[in-house]
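2 protein chains.
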Amino acid sequence: MSEKSLPNVIVIGAGGVGVITAVSLCHRGRSHVSLVVRSDYEHVKEHGYSISSCDYGQLMGWKPHNLVKSVEGASNDGKFYDFVVVTTKNIPDGPVGSTVPEVIRPVIESNHRLNSSRQTNVLLVQNGLDIEKDIHKAYDSHDYNLVVLSGIQLIGSTKIGKGVIEQVGKDHLSVGPFDPKDDRAIAAAYVFIDLYNNEGHNRVTFDSEVRYARWRKLMYNAVINTTTALVGMDVPRCLQFGVDKVGTEENIFRPGMREIIAIAASEGITLNEKDLDFFCNISKDLMFKPSMCVDFLNGQLMELETILGNPLRIAKKNGVSTPVLFMLYHLLYMVQNKLKESKGLLKFDEKKARIVE
Amino acid sequence: MSEKSLPNVIVIGAGGVGVITAVSLCHRGRSHVSLVVRSDYEHVKEHGYSISSCDYGQLMGWKPHNLVKSVEGASNDGKFYDFVVVTTKNIPDGPVGSTVPEVIRPVIESNHRLNSSRQTNVLLVQNGLDIEKDIHKAYDSHDYNLVVLSGIQLIGSTKIGKGVIEQVGKDHLSVGPFDPKDDRAIAAAYVFIDLYNNEGHNRVTFDSEVRYARWRKLMYNAVINTTTALVGMDVPRCLQFGVDKVGTEENIFRPGMREIIAIAASEGITLNEKDLDFFCNISKDLMFKPSMCVDFLNGQLMELETILGNPLRIAKKNGVSTPVLFMLYHLLYMVQNKLKESKGLLKFDEKKARIVE
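In order, the protein sequences belong to chains A and B. Heads up, the first sequence is in full-length UniProt numbering, so the first residue is 1 and it goes up one at a time. Heads up, the second sequence is in full-length UniProt numbering, so the first residue is 1 and it goes up one at a time.
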């Protein structure tokens with residue numbers, strides 16, 4: 001196949017996840033892959049990536065087909081991007097320019113200008129609930145001929161230095177339509193799976209019940225991820241450091257997960273009570289700091305709203321009682337604002353003891 | 001009066017509070033004052049204290065009558081200490097040797113040896129609930145001829161350097177018997193008040209309802225002090241950084257204080273609902289980090305058990321529902337253990353993901 005006939009994929013977000021996503025697509029060889037690399041651009045342009053991957057081995061000087069410095073830059077090169085893969089954090093309460101709808105805007109608009117009858121598929125490889133709604137709010141699906149896909153990834157991959165990626169946990173990506181009745185989205189998901197699937201290296205599956213999978217993942221993320229962020233410790237310490245060594249599991253983790261089960265049930269999704277044991281047990285021996293904890297310790301904004309704020313809005317709407325999650329949310333909301341202040345995104349006047357509007 | 005006829009007072013804890021306590025007693029001149037100074041001993045012995053006090057003005061090279069390096073040392077100088085004033089933090093879950101009963105042991109035992117028929121009065125100028133019980137557990141009141149008094153102090157005083165004390169908030173000490181029916185304790189409280197009272201400088205009052213005052217103070221400390229420690233921020237930021245700027249007050253502070261009111265009620269103490277407004281309002285404009293927040297930020301153990309653990313044990317015994325305080329406690333318990341690990345008081349084996357017993 002010539003390059004011209006291949007679908008164009010742009011991967012936005014060149015962290016541990018984004019780079020392995022680009023590697024997987026390139027390895028398969030059925031798409032032309034552009035990777036947006038911001039801070040490491042000059043380094044990677046000259047030296048390529050050094051990748052140590054449990055899925056693909058040692059890759060020295062690795063580059064995707066196309067290296068771009070910004071989404072804006074990619075939008076000016078005349079390509080129609082069939083798949084826009086977003087692997088950044090999703091922080092709707094962060095700076096306006098870095099919310100997902102704004103980050104992808106240049107390619108969405110250039111696609112629209114280049115060919116308004118060709119379909120643009122946005123794949124959100126991100127945590128949390130209701131993340132597709134902000135995209136639909138920003139772009140009329142019909143007008144922009146837009147399909148939004150969900151990607152839920154299990155992977156252990158980290159950028160450990162400039163242009164250096166270490167993948168220690170195998171990649172399992174599950175792709176599906178946010179709207180299970182959207183035939184175009186279902187078809188697009190299968191197309192992407194074919195572009196991504198590398199037999200014997202990674203694992204990629206079709207997910208017909210994205211919302212179920214996202215709610216299930218929230219049992220861990222809305223409860224365990226959030227708790228570790230609040231106290232700034234890995235999961236086993238949170239468990240062992242609890243009251244009588246059982247307080248964290250019995251009085252935070254399990255009741256919090258039961259609240260997620262109850263909220264999901266309020267919108268007709270039945271989670272499995274047995275997963276309480278599953279999530280508690282995988283936590284006990286895995287010396288691991290979840291993403292929000294890592295972000296907090298690094299002074300970065302946390303994915304608080306997509307992981308905890310959105311589920312709680314549904315709980316409120318449906319009248320579900322959520323005492324544990326509610327406290328975690330209110331406490332983390334303060335911490336998020338503290339992080340915003342430290343990043344200059346919010347100003348507090350100590351003389352007036354008020355936020356500066 | 002000659003020194004011999006004056007009662008002996010030993011002040012244990014030479015922080016901002018302890019030093020001003022010693023200054024007040026010396027200023028009055030009706031007692032012979034020993035101050036236990038540990039880390040600053042050599043400096044203070046040579047240079048005395050530099051004190052800037054809103055109650056007593058500038059004091060250069062100030063020294064108490066007797067400067068001692070340790071409680072042990074004081075116990076060897078042949079004096080009977082009529083009043084043992086404890087101004088240290090009260091951390092029953094800290095290292096065994098630094099719990100209050102152990103810290104005072106040398107003088108309690110030497111008093112007992114010197115004269116078992118003379119009364120020893122222990123005054124605890126400390127936060128929290130049920131702090132007298134550990135003293136009674138450690139020393140039989142009859143055998144040791146022991147009276148335990150409560151001191152609740154409002155003061156703004158800080159040790160800002162080696163031998164340097166800055167007092168910016170006036171001293172108001174209220175003294176009373178933990179047991180309101182104990183006539184010996186009532187009498188001892190009045191004696192101490194007379195030793196401490198400096199008309200025109202400080203304020204000292206008799207408190208006939210110590211338990212009420214301690215419960216009332218917990219409305220602030222068990223809720224606001226704890227919350228600020230958990231998120232590591234001063235009180236106005238906690239309020240302003242809450243959800244919609246009202247979430248902290250409406251969903252943590254007020255419900256938490258109502259839980260304190262309910263627990264107090266369960267043991268027959270009626271707190272005033274109006275104090276909810278009082279404590280919320282004093283918080284709004286006072287750029288202030290409460291003690292637990294300061295301790296947390298300095299990597300020091302927090303007074304978690306006397307401020308929050310003990311009230312919650314009463315709640316549990318009496319079947320009072322405390323969802324807010326319960327979450328704060330479980331989260332802070334983890335943080336306390338993190339502080340203990342950082343101080344080497346607890347060991348965690350990362351390979352086994354377990355606390356080392």
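C-beta atoms are modelled at their ideal positions from N, C-alpha and C, and glycine is treated no differently.
Separation of residue j from residue i, as counted between CA atoms
i	j	result
residue 255(B)	residue 324(B)	7 Å
residue 3(B)	residue 305(B)	In this prediction, residue 3(B) has a pLDDT of 48, which is less than 50 and means its spatial position is unreliable; nothing more can be read from the coordinates.
residue 190(A)	residue 250(A)	41 Å
residue 233(B)	residue 289(B)	7 Å
residue 129(B)	residue 222(B)	10 Å
residue 208(A)	residue 267(B)	56 Å
residue 140(B)	residue 75(B)	19 Å
residue 178(A)	residue 169(A)	26 Å
residue 184(B)	residue 224(B)	35 Å
residue 263(A)	residue 110(A)	39 Å
residue 30(A)	residue 9(A)	10 Å
residue 315(B)	residue 333(B)	17 Å
residue 195(A)	residue 61(A)	23 Å
residue 335(A)	residue 188(B)	47 Å
residue 59(A)	residue 49(A)	8 Å
residue 155(A)	residue 310(B)	44 Å
Own chain, CB closer than 7 Å to residue i, minus 5 neighbours either side, in chain order
i	result
residue 212(B)	269
residue 243(A)	none
residue 238(A)	227, 228, 231, 248
residue 284(B)	236, 239
residue 358(A)	Past the boundaries of the shown model lies residue 358(A); chain A is included only from 1 to 357, so the question cannot be answered.
residue 22(A)	11, 33, 35, 64
Within chain B, partners of residue i - CB distance below 7 Å
i	result
residue 331(A)	230, 231
Continuous alpha helix (DSSP H) stretch holding residue i: start and end
i	result
residue 336(B)	323 to 342
residue 255(B)	254 to 266
residue 73(B)	71 to 75
residue 209(A)	First-last for residue 209(A): undefined, no H or E at that position.
residue 316(B)	310 to 318
residue 41(A)	41 to 47
residue 239(B)	235 to 240
Opening and closing residue of the beta strand (DSSP E) in which residue i lies
i	result
residue 158(B)	146 to 161
residue 57(A)	57 to 62
residue 173(A)	164 to 177
residue 66(A)	66 to 68
residue 186(B)	Not the beta strand (DSSP E): residue 186(B) falls in the alpha helix (DSSP H), residues 183 to 196.
residue 279(A)	Element bounds for residue 279(A): not the beta strand (DSSP E) but the alpha helix (DSSP H), 274 to 284.
residue 349(A)	347 to 349
Same chain only: Cβ atoms within 6 Å of residue i, ignoring 5 sequence neighbours per side
i	result
residue 202(B)	24, 55, 171
residue 276(B)	254, 257
residue 68(B)	34, 36, 74
residue 159(B)	15, 16, 165
residue 114(A)	80
residue 320(B)	262, 263, 266
residue 153(B)	125, 173
Cβ shell of residue i (< 8 Å), same chain only, five flanking positions each side left out
i	result
residue 100(B)	86, 88, 90, 92, 124, 126, 131, 134, 135
residue 193(B)	175, 204, 205, 206
Integer-rounded CB distance, given that residue j should sit under 8 Å from residue i
i	j	result
residue 329(B)	residue 308(B)	5 Å
residue 252(A)	residue 228(A)	Between residue 228(A) and residue 252(A) the Cβ distance is about 11 Å, and since that is not below 8 Å, they are no contact.
residue 353(A)	residue 292(B)	Contact doesn't hold; Cβ gap of about 20 Å is too wide.
residue 107(A)	residue 71(A)	6 Å
residue 219(B)	residue 279(B)	6 Å
residue 198(A)	residue 38(A)	Rounded, the Cβ-Cβ distance is 26 Å, inconsistent with contact.
residue 120(B)	residue 84(B)	7 Å
residue 148(B)	residue 12(B)	Not quite, the Cβ-Cβ distance comes to about 14 Å (not below 8 Å), so this is no contact.
residue 343(B)	residue 355(B)	Going by Cβ atoms, the distance from residue 343(B) to residue 355(B) rounds to 15 Å, so no, they are not a contact pair.
residue 322(B)	residue 259(B)	4 Å
Chain B residues whose Cβ lies nearer than 9 Å to that of residue i
i	result
residue 11(A)	Going along chain B, no residue has its Cβ under 9 Å from residue 11(A), so there is no contact; the nearest lies around 34 Å.
residue 257(A)	Here the premise fails: no neighbours, minimum Cβ distance about 15 Å.
Contact set between residue i and chain E, taken where Cβ atoms lie within less than 7 Å
i	result
residue 303(B)	Of the protein chains in the structure, A and B, none is chain E.
Chain A contact residues for residue i, given Cβ-Cβ distances below 8 Å
i	result
residue 354(B)	236, 240
residue 252(B)	327, 330, 331
residue 287(B)	350, 353
residue 248(B)	330, 334
Contacts of residue i in chain A (Cβ-Cβ under 9 Å)
i	result
residue 344(B)	Correct list: empty, because the minimum Cβ distance to chain A is about 15 Å.
residue 205(B)	By Cβ distance, chain A contributes nothing, its closest Cβ being about 30 Å from residue 205(B), past 9 Å.
Contact set between residue i and chain A, taken where Cβ atoms lie within less than 7 Å
i	result
residue 337(B)	241
residue 44(B)	Under the 7 Å cutoff, chain A gives no residues; its nearest Cβ is about 33 Å from residue 44(B).
Closer than 8 Å at the beta carbon, the chain B residues around residue i
i	result
residue 316(A)	The contacting residues do not exist; residue 316(A) stays about 12 Å from chain B at best.
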